[in-house]
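Chemist:
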Amino acid sequence: MIAIIFPNRSDFVEYCDDDDVTPSAGLRGYYSSDTNRIALFVQSSKTKGGRHVSDVMKPSIDLFAPPRATGFSTRTMARHSVHPSIQAGLKATLIHEATHQVAFNFGLHHRIGDNPRWVVEGLATLFEAPGIRNSNGTKGKVSKRSRLNLERYLRFQNYAQSRRIRGSLRSFVESDRAFSSVLDAYAEAWALTFFLAETRPRAYESFLKKIAARDPFEDYDKSDRINDFEDAFGDGMDVLETNFLRYIAKFQ
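So the sequence shown is numbered by the numbering used here: it starts at 3 and just counts up by one.
1) How many Å lie between ARG11 and PRO203 at the Cα?
2) Ends of the beta strand (DSSP E) at SER170?
3) TYR161 and PHE197 - do their beta-carbons sit closer together than 7 Å?
4) Please report the Cβ distance between ASN38 and ILE4, rounded to the nearest whole angstrom; I am assuming they are in contact, meaning their Cβ atoms lie under 8 Å.
5) Using the beta-carbon count (16 or more within 10 Å), is PRO25 buried or exposed?
6) Pick out whichever of ASP217, ASP186, ASN107 has its Cα sitting closest to the Cα of TYR155.
7) Where does ARG113 sit, in a helix, a strand or coil, going by DSSP?
8) State the DSSP-derived secondary structure class of PRO9, mapped to helix, strand or coil.
9) Check whether the Cβ atoms of HIS102 and TYR17 sit closer than 7 Å, and answer yes or no.
10) If distances are taken between C-alpha atoms only, which option among ASN245, GLY109, SER35, ILE97 comes closest to LEU210?
11) Mind checking which residues open and close the alpha helix (DSSP H) that includes TYR206?
12) Would you report the Cα separation of ALA41 and ASP233, rounded to the nearest angstrom?
13) Return yes when the Cβ of THR95 is within less than 7 Å of the Cβ of TRP192, no when it is not.
14) Looking at the structure shown, is LEU42 part of a helix, part of a strand, or coil, going by DSSP?
15) If I measure Cβ to Cβ from PHE14 and keep anything under 6 Å in the same chain, skipping five residues before and after, which residues do I get?
16) How many angstroms separate the CA atom of ARG113 from the CA atom of ARG172?
17) Please state if the CB of ARG149 and the CB of ALA131 are separated by a distance shorter than 7 Å.
18) Under 7 Å, do ALA205 and PHE174 count as touching if we go by C-beta distance?
19) For GLU176 and ARG227, which I take to be in contact (beta-carbon distance under 8 Å), what is that distance rounded to the nearest angstrom?
20) Do you know how far the Cα of ASP20 is from the Cα of PHE246?
21) Can the beta-carbon of PHE158 be found closer than 7 Å to that of GLU123?
22) Under a Cβ-count criterion, where at least 16 other Cβ atoms within 10 Å of its own Cβ denotes burial, should GLY31 be classed as buried or exposed?
23) Give me, in chain order, the residues of the same chain whose beta-carbon lies closer than 8 Å to that of ARG166; leave out the 5 immediate sequence neighbours on both sides.
Here it is as structure tokens:
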């Protein structure tokens, strides 16, 4: 795995320009399947005592721009994945982008063609949680809570209670339009992926394999996305959405 970590934003921006990536105001790092490299930077600021405090240790309040503002269409976002996070620490960014890199390298996602963005980002945000990466956790409620991505969970709960449209799971699955509101979309991508991986692990695995086996030169249109989703998880979209929201809400 090749990861380039820059000591400051200015060097990172210069590299972005060379890599044909538009460095939006909140961009902390990205993975490019063209170069198969991760690029990110550590931002430091001085305290009153003159010591530097790494961005790893302090939360960021920068908001990341939607995909089009970073210079990508929804189709080309499969080639570059930005990491939009309120707490954009080096470790979380590196894990997120490394997940993308591994998924592309092992053929789980296609380097060309359409990859449903909620699938790509859902998997990466899933592995941001330490409990997902730690196989030594105990069984039961405690270990399940340890697998929560707390930042994404809190964002999704806020979104679900105040802005999310009832019955919108279908539109979320059938297209990438939801990512015009990038933080809400990343939160829902995590929540849906967490729900499926925890409650239907075999079906989720089969779903990922089915998407990976698609011909990347063929369009992945709305009807195909919905059909693949419903074939994998059954229940019907309305029932599945109800179960999904109830499952996530119970962790309050």
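The beta carbon of each residue, even a glycine, is placed where N, CA and C say it ideally should be.
Modeler: For this structure:
1) As a first step, residue 11 must be located in the sequence shown, where it is residue number 9. As a first step, residue 203 must be located in the sequence shown, where it is residue number 201. ARG11 and PRO203: Cα-Cα distance of roughly 39 Å.
2) For this step, residue 170 is matched to residue 168 along the sequence shown. Taken as a continuous stretch (DSSP letters only), SER170 belongs to no beta strand (DSSP E), as it is neither H nor E.
3) Numbered from 1 along the sequence shown, position 195 holds the residue referred to as residue 197. Numbered from 1 along the sequence shown, position 159 holds the residue referred to as residue 161. No, the pair does not count as a contact, with Cβ atoms beyond the cut-off.
4) As a position in the sequence shown, residue 38 is number 36, starting the count at 1. As a position in the sequence shown, residue 4 is number 2, starting the count at 1. Yes, ASN38 and ILE4 are in contact; Cβ-Cβ is about 7 Å, under 8 Å.
5) As a first step, residue 25 is located in the sequence shown; it is residue number 23 there, counting from the start. Flag for PRO25 reads buried.
6) As a working mapping, residue 155 is identified with position 153 in the sequence shown. Out of ASP217, ASP186, ASN107, ASP186 has the C-alpha closest to the C-alpha of TYR155.
7) In the sequence shown, the residue the question calls residue 113 occupies position 111. Looking at ARG113 - three-state DSSP - the assignment turns out to be coil, as it is neither helix nor strand.
8) Here residue 9 refers to the residue found at position 7 of the sequence shown. Coil, per DSSP.
9) In the sequence shown, the residue the question calls residue 102 occupies position 100. In the sequence shown, the residue the question calls residue 17 occupies position 15. Cβ atoms of HIS102 and TYR17: not closer than 7 Å.
10) The residue given as residue 210 occupies position 208 in the sequence shown. Cα-wise, what sits closest to LEU210 is GLY109.
11) Residue numbering aside, residue 206 sits at position 204 when the sequence shown is read from its first letter. 203–214 is the extent of the alpha helix (DSSP H) around TYR206.
12) Along the sequence shown, read from residue 1 onward, the residue named residue 41 stands at position 39. Along the sequence shown, read from residue 1 onward, the residue named residue 233 stands at position 231. So the two alpha carbons sit approximately 37 Å from each other.
13) By one-based count along the sequence shown, residue 192 stands at place 190. By one-based count along the sequence shown, residue 95 stands at place 93. In this structure, THR95 does not lie closer than 7 Å to TRP192 by Cβ.
14) Against the sequence shown, residue 42 aligns to sequence position 40. LEU42 falls in the strand class under three-state DSSP.
15) Here residue 14 is taken as the residue at index 12 of the sequence shown, counted from 1. PHE8, PHE43.
16) By one-based count along the sequence shown, residue 113 stands at place 111. By one-based count along the sequence shown, residue 172 stands at place 170. Approximately 25 Å, taken between the alpha carbons.
17) Against the sequence shown, residue 131 aligns to sequence position 129. Against the sequence shown, residue 149 aligns to sequence position 147. Yes, the pair counts as a contact, with Cβ atoms nearer than the cut-off.
18) Locating residue 205 in the sequence shown gives position 203, where the first residue counts as 1. Locating residue 174 in the sequence shown gives position 172, where the first residue counts as 1. Their beta carbons are not under 7 Å apart, which means ALA205 does not touch PHE174 by this criterion.
19) The count along the sequence shown starts at 1 and reaches residue 176 at position 174. The count along the sequence shown starts at 1 and reaches residue 227 at position 225. With 8 Å as the limit, GLU176 and ARG227 qualify as a contact, their Cβ atoms being about 5 Å apart.
20) For the purposes of this step, residue 246 is taken as residue 244 along the sequence shown, with counting starting at 1. For the purposes of this step, residue 20 is taken as residue 18 along the sequence shown, with counting starting at 1. So the alpha carbons of these two residues sit roughly 42 Å apart.
21) The residue you call residue 158 lines up with position 156 of the sequence shown. The residue you call residue 123 lines up with position 121 of the sequence shown. Their beta carbons are not under 7 Å apart, which means PHE158 does not touch GLU123 by this criterion.
22) The residue given as residue 31 occupies position 29 in the sequence shown. Buried, since its Cβ has 16 or more Cβ neighbours within 10 Å.
23) What you label residue 166 is simply residue 164 of the sequence shown in a count that begins at 1. ASP186, GLU190.
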